[in-house]
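Position 122 of the sequence shown, counting from 1, maps to 122 under the UniProt record's numbering, and the rest follow consecutively.
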Amino acid sequence: MLRVREAYRMMMDKNDFSKENLLRAADEVYFIPEGTPLNIQLLKFQRNKQRIGLIVDEYGDIQGLITLEDILEEIVGEFTTSISPTLAEEITPQADGSLIIEGSANIRDLNKSLNWVLPTDGPRTLNGLILEHLEDIPDSQLSIEVSGYQMEIIEVADNMIKTVRILPNQLQKTG
């Protein structure tokens with residue numbers, strides 16, 4: 001694996017940019033068997049002084065990528081490198097009873113605050129939940145139903161759902 005910063009530095013220094021130097025700067029790929037428990041992989045990352053690895057299945061096919069940060073976030077929770085908005089800042093109530101919600105809103109927080117039952121066994125954000133449901137990046141103004149909640153995609157930008165309008169359950173059942 002080659003770090004982008006190192007490759008960029010080499011590109012800027014024309015004398016240093018060659019196939020041989022790129023190969024020399026690249027780290028050997030660290031492979032991790034699929035199904036390795038997180039606590040074991042954390043110890044292996046520490047022992048081998050690794051921070052990133054490719055997950056392979058029993059056939060040697062790459063299934064994904066995992067980082068030390070991924071494991072730590074799974075154990076201790078999300079790390080924030082910037083001030084993240086509070087849920088109150090991500091939800092805007094509308095006069096018709098619907099809610100405009102940012103795609104980055106955490107599903108568990110939505111469920112807890114609004115007494116909803118959106119699925120929590122997959123993606124963590126509303127954006128991720130809708131993308132997983134559709135298996136595609138939608139256009140704006142698309143209306144869908146996810147787990148009994150009527151949703152309208154309002155804004156999509158940078159391959160992400162930025163804002164969604166959700167009708168409350170009471171309105172959905174009567175309207």
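Where is the CB? At the ideal position from N, CA and C, for every residue including glycine. What you are looking at is a predicted structure, and each value in this text was computed from that prediction instead of being measured.
- Query: When DSSP labels each residue in this structure, what does residue 97 get in the three-state scheme?
  - Reply: coil
- Message: Nearer than 7 Å: is that true of the beta carbon of residue 101 relative to any heavy atom of the ligand SAM?
- Response: The ligand SAM is not among the ligands present in this structure, which contains no ligands whatsoever.
- Query: How is the alpha helix (DSSP H) around residue 40 delimited, first residue to last?
  - Reply: 38-48
- Query: At a cut of 8 Å, does the region 125-140 reach the region 148-160 through at least three beta carbon pairs?
  - Reply: yes
- Cα separation between residue 111 and residue 105? 11 Å
- residue 108 - containing alpha helix (DSSP H), residue span: 107-114
- Message: Taking 8 Å as the threshold (C-beta atoms), are residue 36 and residue 103 in contact?
- Response: no
- Element boundaries [alpha helix (DSSP H), containing residue 76]: 68-76
- Query: To the nearest angstrom, how far is it from the Cα of residue 121 to the Cα of residue 98?
  - Reply: 25 Å
- Message: Just to confirm my understanding: we take residue 130, look at its own chain, exclude 5 residues before and 5 after, and list those with CB closer than 8 Å. What are they?
- Response: Setting aside the 5 residues that flank it on each side, residue 130 is surrounded in the same chain by 103, 138, 144, 146, 151, 153, 161 and 164, each with a C-beta closer than 8 Å to its C-beta; the list follows chain order.
- Query: residue 149: buried (16+ other C-beta within 10 angstroms of its C-beta) or exposed?
  - Reply: By the neighbour-count criterion, in which 16 or more other beta carbons inside 10 Å mark a residue as buried, residue 149 falls on the buried side.
- Query: Given that a residue counts as buried once 16 or more other Cβ atoms are within 10 Å of its Cβ, and exposed if not, what is residue 60?
  - Reply: exposed
- residue 4: first and last residue of the uninterrupted alpha helix (DSSP H) it sits in: 4-12
- Continuous beta strand (DSSP E) assignments of at least 3 residues falling wholly in the region 110-167: The qualifying runs are 143-146, 149-157 and 160-166.
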